[in-house]
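Visitor:
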Amino acid sequence: MQKIGVFVCWCGSNIAATVDVKAVAEALKSEAGVVFSTDYQYMCSENGQAMIRQAIREHGLTGIVVCSCSPRMHEATFRKTAVSAGLNPYMVEIANIREQCSWIHKDMAEGTEKAIVLARAAVAKLHKNAPLTAGTSPVTKRALVIGGGIAGIQTALDVADAGFEVDIVEKAPTIGGRMAQLDKTFPTLDCSACILTPKMVEAAQHEKINIISYAELDSLSGFVGNFTATIRKKARYIDEDKCTGCGVCTEKCPSRKGLDDFNMKLNKRGAVYIPFAQAIPNVAVIDPEQCLKLRTGKCGLCQKVCSAKAVNFEQKDELIERQYGAIVVATGFKPIDASAFNEYAYNDSPDVVTSLEFERIMNAAGPTKGQLVRPSDREHPHEIVFIQCVGSRCTEDAEKGKPYCSKICCMYTAKHAMLVREKYPDVNVHVFYIDARTPGKNFDEFYRRAVEQYGVDYIKGMVGKVSVEGKKLHVQGSDLLNGEQVHINADMVVLATAIEPDPTARALGTMLTASMDTNDFFTEAHPKLRPVESPTAGVFLSGVAQGPKDIPETVAQAGAAAAKVIGLLCKNELTCNACVAHANEAACNGCSQCERVCPYGAISYEEREIRSPEFRGVRRIAVVNEAVCQGCGACTVTCPSAAMDLKGFTNSQIMSEVDAICR
Amino acid sequence: MKYSYYPGCTLKTKAKDLDRYGRLCAEKLGIILEEPDNWQCCGGVYPQGEDEIATKLSSVRALADAKEKGQDLVTLCSACHHVLKRVNHDMKQNETIRLRANNYLKLDSPYQGETNVIHYLEMLRDKVGFDNLKKAVVNPQTDRKIAPYYGCLLLRPGKVMAFDDPEDPRIMEDFIRAIGATPVKYSQRNECCGGYLTLENKKAAQKRAGAVVDSAEQAGADLMITACPLCLYNLDANVPEGSVPVQYFTEILAEALGVKEEV
Numbered sequence: 001m002q003k004i005g006v007f008v009c010w011c012g013s014n015i016a017a018t019v020d021v022k023a024v025a026e027a028l029k030s031e032a033g034v035v036f037s038t039d040y041q042y043m044c045s046e047n048g049q050a051m052i053r054q055a056i057r058e059h060g061l062t063g064i065v066v067c068s069c070s071p072r073m074h075e076a077t078f079r080k081t082a083v084s085a086g087l088n089p090y091m092v093e094i095a096n097i098r099e100q101c102s103w104i105h106k107d108m109a110e111g112t113e114k115a116i117v118l119a120r121a122a123v124a125k126l127h128k129n130a131p132l133t134a135g136t137s138p139v140t141k142r143a144l145v146i147g148g149g150i151a152g153i154q155t156a157l158d159v160a161d162a163g164f165e166v167d168i169v170e171k172a173p174t175i176g177g178r179m180a181q182l183d184k185t186f187p188t189l190d191c192s193a194c195i196l197t198p199k200m201v202e203a204a205q206h207e208k209i210n211i212i213s214y215a216e217l218d219s220l221s222g223f224v225g226n227f228t229a230t231i232r233k234k235a236r237y238i239d240e241d242k243c244t245g246c247g248v249c250t251e252k253c254p255s256r257k258g259l260d261d262f263n264m265k266l267n268k269r270g271a272v273y274i275p276f277a278q279a280i281p282n283v284a285v286i287d288p289e290q291c292l293k294l295r296t297g298k299c300g301l302c303q304k305v306c307s308a309k310a311v312n313f314e315q316k317d318e319l320i321e322r323q324y325g326a327i328v329v330a331t332g333f334k335p336i337d338a339s340a341f342n343e344y345a346y347n348d349s350p351d352v353v354t355s356l357e358f359e360r361i362m363n364a365a366g367p368t369k370g371q372l373v374r375p376s377d378r379e380h381p382h383e384i385v386f387i388q389c390v391g392s393r394c395t396e397d398a399e400k401g402k403p404y405c406s407k408i409c410c411m412y413t414a415k416h417a418m419l420v421r422e423k424y425p426d427v428n429v430h431v432f433y434i435d436a437r438t439p440g441k442n443f444d445e446f447y448r449r450a451v452e453q454y455g456v457d458y459i460k461g462m463v464g465k466v467s468v469e470g471k472k473l474h475v476q477g478s479d480l481l482n483g484e485q486v487h488i489n490a491d492m493v494v495l496a497t498a499i500e501p502d503p504t505a506r507a508l509g510t511m512l513t514a515s516m517d518t519n520d521f522f523t524e525a526h527p528k529l530r531p532v533e534s535p536t537a538g539v540f541l542s543g544v545a546q547g548p549k550d551i552p553e554t555v556a557q558a559g560a561a562a563a564k565v566i567g568l569l570c571k572n573e574l575t576c577n578a579c580v581a582h583a584n585e586a587a588c589n590g591c592s593q594c595e596r597v598c599p600y601g602a603i604s605y606e607e608r609e610i611r612s613p614e615f616r617g618v619r620r621i622a623v624v625n626e627a628v629c630q631g632c633g634a635c636t637v638t639c640p641s642a643a644m645d646l647k648g649f650t651n652s653q654i655m656s657e658v659d660a661i662c663r
Numbered sequence: 664m665k666y667s668y669y670p671g672c673t674l675k676t677k678a679k680d681l682d683r684y685g686r687l688c689a690e691k692l693g694i695i696l697e698e699p700d701n702w703q704c705c706g707g708v709y710p711q712g713e714d715e716i717a718t719k720l721s722s723v724r725a726l727a728d729a730k731e732k733g734q735d736l737v738t739l740c741s742a743c744h745h746v747l748k749r750v751n752h753d754m755k756q757n758e759t760i761r762l763r764a765n766n767y768l769k770l771d772s773p774y775q776g777e778t779n780v781i782h783y784l785e786m787l788r789d790k791v792g793f794d795n796l797k798k799a800v801v802n803p804q805t806d807r808k809i810a811p812y813y814g815c816l817l818l819r820p821g822k823v824m825a826f827d828d829p830e831d832p833r834i835m836e837d838f839i840r841a842i843g844a845t846p847v848k849y850s851q852r853n854e855c856c857g858g859y860l861t862l863e864n865k866k867a868a869q870k871r872a873g874a875v876v877d878s879a880e881q882a883g884a885d886l887m888i889t890a891c892p893l894c895l896y897n898l899d900a901n902v903p904e905g906s907v908p909v910q911y912f913t914e915i916l917a918e919a920l921g922v923k924e925e926v
């Protein structure tokens, strides 16, 4: 028989105003096993905790029930209190009489009755509690960062600076990501490449950072502290160690049909190419779709001109297996496909471009060498219309657009408008917007400068249609402030397309068992208090993979993710959650249903020899990896033979609680 | 292939060509179009008022009749198609309208939007198939540059009509290709012709119809086709003399299938 102490907290007036705390303490005295029951103004205070410690010692308590706030608030506090008085931390039960009682009731009698019932349930459960001991698992001191954009680079640098090995796996032939494609950055208008490339170089030269470019995660197993990843390094048909990046092959390549991804397919490139001048690694790559040698067996010109003998048409994909303690998802974004929005004539005219295409057009290393010209006839435009929220905040037509705000478009459109007016004062610039959202440091000032100083014509309203009329683009929109239709004959139209997670994110989320929202953004462990951690232990989130954000925010989040990674890798071993599932081998029949519902991949099976009175022989039994199990309980309710149970929340404990409530 | 066929009043009076060429072509393609005995006017305009049930009843009667026969309901007039399709959607989705319509009509079994309403063009695309239509063509319209005019009623609201992408439709272009002609793409193909404004604000209707025809002309069309009697009227009567001629799509189809002379 347990000797139980009950401690009823007033929480100032939070509880005491709606619950008669003295009556609760009094009522609980008559419960079986309760040898001590009292109330106090703030149980979580040092005095309150001292009262608990004293009672445990004086009355020889074997377990305590604290009637207070949610266990999310102070369960850890009271467990520590119990431990300091010599109790097992799992012999503490919290009856939540604040969030689930006093805060939601107005009537004192009702509130008191419910508090008593909740306390009785906790006592009933505590009778069946057993001391639990959490296990430990070792930590591999190496981090994997998936994605080599600014988010991945920053996280890698911060983790590496703390002294841990980091591998960056980047699917493109170079790191740099979207930021490398940008011309200028808001709100300071500094050159994107100028601030990014030093970071790229720093990552490349860092002795603790290993960049695995043109590679993707192939498979993953293991758990926090002990991941095993298989990375597929795609064949680039160039020996990375030999290639000097001289670029002779890229000039000589006779195939000129490949579209330049870095320039948003606005120009052509050879089959062998270096994505851009500051690429890291500065190594060529052969596009097998375009290469004449790989497709037809004839050509091989690049091989002949390469003085470093780096071209290798025999190269195959390579699989690399590595151990990691932590994984950072930094897979970033892409703009949505604008072709679904043909009301803006994106499919009908090359002069209708997306903002990222416009970014390349404005860039000195872009397809027009930074000259603002119409893609159709290379003529200088005089009238440019920007349309914001193309596919963002799209609730009516969700399959076409996205319901969320892409967050960065207002600012980059203001930037584009300003850059055009600065460089070409003869060009009229109109911006159609729903709202101008500029909450950020120096953001609103920036937007106002576009309007007031640069004379950008902001029109509140959306565009209904863009139609191609001869060489012009006829833009028909509404001006909501003046309540009138607007018709503009433009030379170019720029669509501020929504951003969406990189298409590789969904498959990666499945591989990592990291949860995602309906838009394929990775979800945080807690939207406010754990914003850079995935609910899956050991997986961290950096950059737009978690949600739309701009560069300063991405860098800040990347640093935060790095801090979490460092905190994990600093430890030599991890304490596991003691409230984990386990299978009763006598009842388990190895049906695999628990494995299928486990969101953490914690369940596997083994053939085990069973010697029980009913059965002798080898049977397939579920085994829970206690380091991975988060104690969610999905398996326990799924198990058809009631073989799965959750320590600390066993089926019989929960039934006891229900019985106590129904008594 | 046998379908219920709802012609609508205009096809019995002003738009007889749309109807009779449509029937001839269907016959040629081996399709039986069965006209219900006692169909009534759909009203011509979809009644937006949620509390007004009487204006939806004629549509529900035609829909329920097709359900009784177990047939899809084929329409030809854009306006009828629009009204029937949307009322059918209401009967499927809107509990209040469904309940009230059924309470009023007291049908043998309540009508709940079971009938599949398809436009003649959808029938050609989905049931006959444009490939098969192409094979049935005896007079390919090879030299013709035809501008399809969708208007607004067939396409919108996009999710309810589920006819084609309202911003970038292609069904009529594919139809034109199937009869051997060249489709002409122009910006105003899915814009309003002015519609009923022709009755009270002729200038507005003239402006809209003029813009549509002008746009088709600029794009090099020698013929425009439509499925809507009112559009045909506006694009014909409200534009300057000598503009691009406009025809019902069934007429050019009859020509292509070699059944036009039979009229």
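Note that the protein sequences, when read in sequence, are chains X and D. If you number the first sequence the way my numbering does, the last residue is 663 and the count never jumps. If you number the second sequence the way my numbering does, the last residue is 926 and the count never jumps. The beta-carbon is built from N, C-alpha and C at its ideal position, and this holds for glycine as well.
1. Do the CB positions of Ile56 of chain X and Ala85 of chain X come within less than 8 Å of each other?
2. Using a Cβ-Cβ distance under 8 Å, would Asp831 of chain D count as near chain X?
3. Do you know how far the Cα of Tyr813 of chain D is from the Cα of Asp713 of chain X?
4. For Ile661 of chain X, count the other beta carbons within 10 Å of its own beta carbon; 16 or more makes it buried, fewer makes it exposed. Which is it?
5. Closest by CA to Glu207 of chain X, which one among X:His382, X:Leu157 and X:Ser478?
6. Using a cut-off of 9 Å between C-beta atoms, extract the partners of Asn347 of chain X located in chain D.
7. Using a threshold of 8 Å, state whether the C-beta atoms of Ser255 of chain X and Gln278 of chain X are closer than that.
8. Mind listing, in chain order, the continuous alpha helix (DSSP H) runs of no fewer than 4 residues lying wholly within the region 405 to 491 of chain X?
9. Give the secondary structure of Gly873 of chain D by DSSP, where H, G and I count as helix, E and B as strand, and everything else as coil.
10. With Asp218 of chain X and Thr230 of chain X assumed to form a contact (beta carbons below 8 Å), what rounded beta-carbon distance in angstroms separates them?
11. So, is Tyr859 of chain D buried or exposed, given that buried needs 16 or more other C-beta atoms within 10 angstroms?
12. My output table needs one value for Ala130 of chain X: the three-state DSSP class, helix, strand or coil.
13. Select from the region 722 to 755 of chain D all residues with a C-beta closer than 9 Å to any C-beta belonging to chain X, and list them in chain order.
14. Applying a beta-carbon distance threshold of less than 8 Å, which residues of chain D neighbour Asn584 of chain X?
15. In angstroms with no decimal places, state the Cα-to-Cα distance between Asp837 of chain D and Phe793 of chain D.
16. What number of angstroms, rounded off, separates the C-alpha of Cys591 of chain X from the C-alpha of Pro138 of chain X?
17. Mark Cys67 of chain X as exposed unless 16 or more other C-beta atoms lie within 10 angstroms of its C-beta, in which case mark it buried.
18. Output, in sequence order along the chain, the residues in the region 109 to 122 of chain X whose CB is closer than 7 Å to any CB in chain D.
19. Please go through the same chain and pick out, in chain order, the residues whose beta-carbon is closer than 8 Å to the beta-carbon of His59 of chain X, but skip the five residues on each side of it.
20. Would you mind reading off the limits of the alpha helix (DSSP H) that contains Ser722 of chain D?
21. Spell out the partners DSSP gives Thr185 of chain X in its beta bridges.
22. On the DSSP bridge list, what partners appear for Tyr911 of chain D?
23. Please determine, among D:Tyr666, D:Ala917, D:Lys797 and D:Ser667, the residue with the shortest C-alpha to C-alpha distance to Ala841 of chain D.
24. Buried or exposed for Pro640 of chain X, please, with buried defined as at least 16 other CB atoms from any protein chain shown within 10 angstroms of its CB.
25. Would you report the Cα separation of Asp190 of chain X and His382 of chain X, rounded to the nearest angstrom?
26. Does the contact criterion of 3 or more C-beta pairs under 8 Å hold for the region 697 to 705 of chain D versus the region 713 to 724 of chain D?
27. State the Cα-Cα distance for the pair Asn577 of chain X and Ala115 of chain X, rounded to the nearest angstrom.
28. Along the region 901 to 920 of chain D, what residues have a CB closer than 9 Å to any CB found in chain X?
29. With DSSP as the reference, identify every bridge partner of Tyr669 of chain D, one or two as the case may be.
30. Leaving aside the five residues before and after Val373 of chain X along the sequence, list all residues of the same chain whose C-beta is less than 8 Å from its C-beta, in chain order.
31. Residues in the region 470 to 489 of chain X with C-beta within 8 Å of chain D's C-beta atoms, listed in sequence order?
32. Rounded to whole angstroms, what's the CA-CA distance from Leu646 of chain X to Ser70 of chain X? Just pull it up for me.
33. Which residues in chain D sit within 9 Å of Ser467 of chain X, going by Cβ to Cβ distance?
34. Which residues in chain D sit within 8 Å of Glu314 of chain X, going by Cβ to Cβ distance?
35. Where does Cys594 of chain X fall in DSSP's three states?
36. Put Arg530 of chain X into one of helix, strand or coil per three-state DSSP.
Guide: Let's see:
1. Translated into the one-based positions of the first sequence, residue 56 of chain X becomes position 56. Translated into the one-based positions of the first sequence, residue 85 of chain X becomes position 85. Judged by beta-carbon spacing, Ala85 of chain X lies within the 8 Å limit of Ile56 of chain X, meaning their Cβ atoms are closer than that value.
2. Position 168 of the second sequence, counted from the first residue, corresponds to residue 831 of chain D. So yes, Asp831 of chain D belongs to the interface.
3. The structure shown does not extend to residue 713 of chain X, since chain X is modelled only from 1 through 663, so no value can be given for it.
4. What you label residue 661 of chain X is simply residue 661 of the first sequence in a count that begins at 1. Under this definition Ile661 of chain X is an exposed residue.
5. For the purposes of this step, residue 207 of chain X is taken as the residue at position 207 of the first sequence. Nearest C-alpha to Glu207 of chain X: X:Leu157.
6. As a first step, residue 347 of chain X must be located in the first sequence, where it is residue number 347. At a beta-carbon threshold of 9 Å, the residues of chain D lying near Asn347 of chain X are Asp831, ordered along the chain.
7. Position 255 of the first sequence, counted from the first residue, corresponds to residue 255 of chain X. Position 278 of the first sequence, counted from the first residue, corresponds to residue 278 of chain X. No. Outside cutoff.
8. The region 405 to 491 of chain X contains, as complete alpha helix (DSSP H) runs of 4+ residues, the segments 409 to 423 and 443 to 452 (chain order).
9. As a first step, residue 873 of chain D must be located in the second sequence, where it is residue number 210. Gly873 of chain D sits in a helix when the DSSP states are folded into three classes.
10. On the first sequence, position 218 is the one that residue 218 of chain X refers to. On the first sequence, position 230 is the one that residue 230 of chain X refers to. At roughly 4 Å, the Cβ-Cβ gap stays under 8 Å, so Asp218 of chain X and Thr230 of chain X are in contact.
11. Within the second sequence, numbered from 1, the residue matching residue 859 of chain D stands at position 196. With fewer than 16 Cβ atoms within 10 Å of its Cβ, Tyr859 of chain D is classed as exposed.
12. Numbered from 1 along the first sequence, position 130 holds the residue referred to as residue 130 of chain X. DSSP, read as helix, strand or coil, puts Ala130 of chain X in coil.
13. Those residues of the region 722 to 755 of chain D that come within reach of chain X (Cβ to Cβ, closer than 9 Å) do not exist; the list is empty.
14. Counting from one through the first sequence, the residue named residue 584 of chain X turns up at place 584. In chain order: nothing, as chain D lies at least about 49 Å away.
15. Here the question's residue 837 of chain D lines up with position 174 in the second sequence. Here the question's residue 793 of chain D lines up with position 130 in the second sequence. The straight-line gap from Cα to Cα measures roughly 7 Å.
16. One-based indexing of the first sequence puts residue 591 of chain X at position 591. One-based indexing of the first sequence puts residue 138 of chain X at position 138. In a straight line, the C-alpha of Cys591 of chain X is about 31 Å away from that of Pro138 of chain X.
17. Position 67 of the first sequence, counted from the first residue, corresponds to residue 67 of chain X. With 16 or more other Cβ atoms from the protein chains shown falling within 10 Å of its own Cβ, Cys67 of chain X counts as buried.
18. Listed by position, the residues of the region 109 to 122 of chain X near chain D (Cβ gap below 7 Å) amount to none.
19. Against the first sequence, residue 59 of chain X aligns to sequence position 59. If we look at His59 of chain X and ignore the five residues flanking it on each side, its Cβ neighbours are Lys3, Gly5, Val35 and Phe36.
20. For the purposes of this step, residue 722 of chain D is taken as residue 59 along the second sequence, with counting starting at 1. Note, Ser722 of chain D: alpha helix (DSSP H), Ala717 to Lys732.
21. Within the first sequence, residue 185 of chain X is the residue found at index 185, counting from 1. Thr185 of chain X is bridged to X:Asp190.
22. By one-based count along the second sequence, residue 911 of chain D stands at place 248. Checking the DSSP bridge columns, you'll see Tyr911 of chain D partnered with D:Thr889.
23. Here the question's residue 841 of chain D lines up with position 178 in the second sequence. Distances from the alpha-carbon of Ala841 of chain D to those of D:Tyr666, D:Ala917, D:Lys797 and D:Ser667 put D:Lys797 closest.
24. As a working note, residue 640 of chain X is residue 640 in the first sequence. Exposed.
25. Numbered from 1 along the first sequence, position 190 holds the residue referred to as residue 190 of chain X. Numbered from 1 along the first sequence, position 382 holds the residue referred to as residue 382 of chain X. So the two alpha carbons sit approximately 25 Å from each other.
26. Short answer: they touch.
27. Here the question's residue 577 of chain X lines up with position 577 in the first sequence. Here the question's residue 115 of chain X lines up with position 115 in the first sequence. Distance between the alpha carbons of Asn577 of chain X and Ala115 of chain X: 29 Å.
28. Of all residues in the region 901 to 920 of chain D, none has a Cβ within less than 9 Å of some Cβ in chain X.
29. Against the second sequence, residue 669 of chain D aligns to sequence position 6. Its beta-bridge partners are D:Thr738.
30. Here the question's residue 373 of chain X lines up with position 373 in the first sequence. Excluding residues within five positions, the ones whose Cβ falls inside 8 Å are Ile361, Glu379, His380 and Pro381.
31. Residues of the region 470 to 489 of chain X with a C-beta atom less than 8 Å from some C-beta of chain D are Gly470 and His474, listed in chain order.
32. Counted from its first residue, the first sequence places residue 646 of chain X at position 646. Counted from its first residue, the first sequence places residue 70 of chain X at position 70. Leu646 of chain X and Ser70 of chain X: Cα-Cα distance of roughly 20 Å.
33. As a position in the first sequence, residue 467 of chain X is number 467, starting the count at 1. For a Cβ distance threshold of 9 Å, residue set Tyr849, Ser850, Gln851, Glu854 and Ser878 of chain D lies close to Ser467 of chain X, ordered along the chain.
34. As a first step, residue 314 of chain X is located in the first sequence; it is residue number 314 there, counting from the start. Residues of chain D with a Cβ closer than 8 Å to the Cβ of Glu314 of chain X do not exist, since the nearest Cβ in that chain sits about 45 Å away.
35. Position 594 of the first sequence, counted from the start, is the residue given in the question as residue 594 of chain X. Looking at Cys594 of chain X - three-state DSSP - the assignment turns out to be helix.
36. The residue given as residue 530 of chain X occupies position 530 in the first sequence. In this structure, Arg530 of chain X counts as strand in the three-state DSSP scheme.
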